[in-house]
Amino acid sequence: MKVLVLGSGAREHALVKAVAADPEVDAVIAAPGNPGIDATALCVPVDILDGAAVAALAREHEVDLVVVGPEAPLVAGVADVCREAGFAVFGPSAEAARLEGSKSFAKEVMAAADVPTALAHVCTAMDEVEAALDALGAPHVVKDDGLAAGKGVVVTDSREVALEHARACLSKPDGRLVVEEFLDGPEVSVFCVSDGETVVALSPAQDFKRVGDDDAGLNTGG
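Just so we're aligned, residue 5 is where the sequence shown starts under our numbering, counting upward by one.
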């Protein structure tokens with residue numbers, strides 16, 4: 005079996021190593037990959053946000069499975085294009101990936117499904133941000149609505165820092181953000197894999213995002 009893994013980060017490096025260790029896998033292609041991945045897989049340059057280019061690469065190498073690592077290609081619909089081209093794909097559709105691609109959309113889904121979540125205000129203008137900060141109080145939680153490589157959230161007691169981050173979020177095209185109620189306590193992520201019918205839970209994980217000790221400094225990718 006041939007497997008194409010999309011991405012160039014540490015996550016994709018781990019995916020490539022795990023896939024390559026499967027005795028049923030004969031070859032692994034990574035696009036674009038990185039120097040570390042190059043020791044395990046054939047690295048091929050491609051724009052992973054271009055579904056047609058990814059599908060063409062999969063056809064060229066006659067792969068049996070496409071594994072999409074990063075969020076951005078999923079939100080861009082790359083998994084959908086590859087499925088339509090006849091390839092098996094590990095990764096959600098663009099519609100499902102909206103849960104990760106838009107925090108405001110995720111909030112709407114959680115509200116509709118009665119999933120407990122922090123109280124939030126969706127803002128598209130600074131006067132709305134000011135009102136949301138007043139309503140929820142400090143600590144302030146300001147989240148970029150879209151993908152931000154794990155770095156789009158600011159949690160701060162400083163109103164000015166919160167407003168500065170809000171201005172940066174709203175300055176983007178179609179700028180939108182979420183001001184959220186602060187929830188105190190440890191954060192744990194539980195990941196599940198599903199084929200549409202069966203759900204299998206993986207081990208819980210915990211992100212330590214701040215660049216400094218004691219939760220100080222800017223967020224990192226985790």
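Every residue gets a Cβ at the ideal spot worked out from N, C-alpha and C, and that includes glycine.
So, at 6 Å on beta carbons, what are the nonlocal neighbours of residue i in its own chain, with the 5 sequence-adjacent residues on each side left out?
i	result
VAL145	VAL159, GLU184 and PHE186
VAL23	VAL7, VAL29 and VAL32
THR128	ARG180
HIS169	VAL146 and VAL158
When you compare only the Cα positions, how much space is there between residue i and residue j?
i	j	result
GLU66	GLY81	21 Å
LEU10	PRO96	14 Å
ASN223	ALA35	27 Å
GLU164	GLU132	15 Å
PHE91	VAL70	7 Å
VAL93	CYS86	7 Å
ARG102	CYS47	29 Å
ALA204	MET130	It should be pointed out that residue 204 corresponds to Val in this sequence rather than to Ala. Between VAL204 and MET130, the C-alpha separation is close to 42 Å.
LYS176	PRO27	46 Å
CYS196	VAL119	16 Å
LYS213	ALA60	36 Å
LYS21	ASN38	13 Å
PRO208	PRO49	33 Å
GLY150	THR44	33 Å
ASP51	VAL58	7 Å
ALA56	ALA116	34 Å
VAL113	THR121	11 Å
LYS155	CYS173	12 Å
ASP4	ASP84	Look at the range of the chain in this structure, 5 to 226, and you will see that residue 4 is not part of it.
Compute the minimum distance between the beta carbon of residue i and the heavy atoms of the ligand NAP, and state whether it is under 7 Å.
i	result
ALA166	This structure does not include the ligand NAP; it has no bound ligands of any sort.
Could you say which of the options lies nearest to residue i if we only look at CA atoms?
i	options	result
ARG180	VAL157, ALA57 and THR202	VAL157
ALA124	ASP178, LEU140, GLY216 and GLU201	LEU140
LYS111	LYS147, ASP138, GLU88 and ALA83	LYS147
GLU88	LYS107, ASP199 and ARG63	ARG63
ASP68	ILE41, MET5 and VAL126	MET5
GLY189	ASP178, GLN210 and SER108	GLN210
What residues in its chain sit with their C-beta under 8 Å from that of residue i, if we drop five residues either side in the sequence?
i	result
GLU134	LEU167
ALA220	ARG214
ASP161	ALA142, PRO143 and HIS144
VAL79	ALA98, ALA101, ARG102, GLU104, GLY105 and LEU151
LEU19	VAL9, GLY11, VAL71 and GLY73
ARG15	GLY73 and PRO74
Which residue comes first and which comes last in the alpha helix (DSSP H) that contains residue i?
i	result
ASP131	130-140
ASP84	82-88
LYS111	107-116
GLU16	14-24
LEU174	163-174
GLU28	Segment: none, GLU28 is in no alpha helix (DSSP H) and carries neither H nor E.
How is the beta strand (DSSP E) around residue i delimited, first residue to last?
i	result
ALA124	124-127
GLY37	Counting along the chain, GLY37 falls outside any beta strand (DSSP E), and DSSP gives it neither H nor E.
GLY158	Rather than Gly, the amino acid found at residue 158 in this sequence is Val. VAL158 -> beta strand (DSSP E) spans 157-160.
GLY11	6-11
LYS147	144-148
ALA59	Taken as a continuous stretch (DSSP letters only), ALA59 belongs to no beta strand (DSSP E), being part of the alpha helix (DSSP H) at 55-64.
VAL93	92-94
LEU69	69-72
Near residue i, which residues of its chain fall below 7 Å by C-beta distance, leaving aside the five closest residues on each side in sequence?
i	result
PRO77	LEU10, ILE52 and LEU53
For chain D, check one thing: does any of its Cβ atoms lie closer than 8 Å to the Cβ of residue i?
i	result
PHE109	The structure shown contains no chain D; it is built from a single protein chain.
- Message: In chain order, what are the residue ranges of uninterrupted beta strand (DSSP E) at least 3 long that sit wholly in the region 176-211?
- Response: 181-184, 196-198 and 203-205
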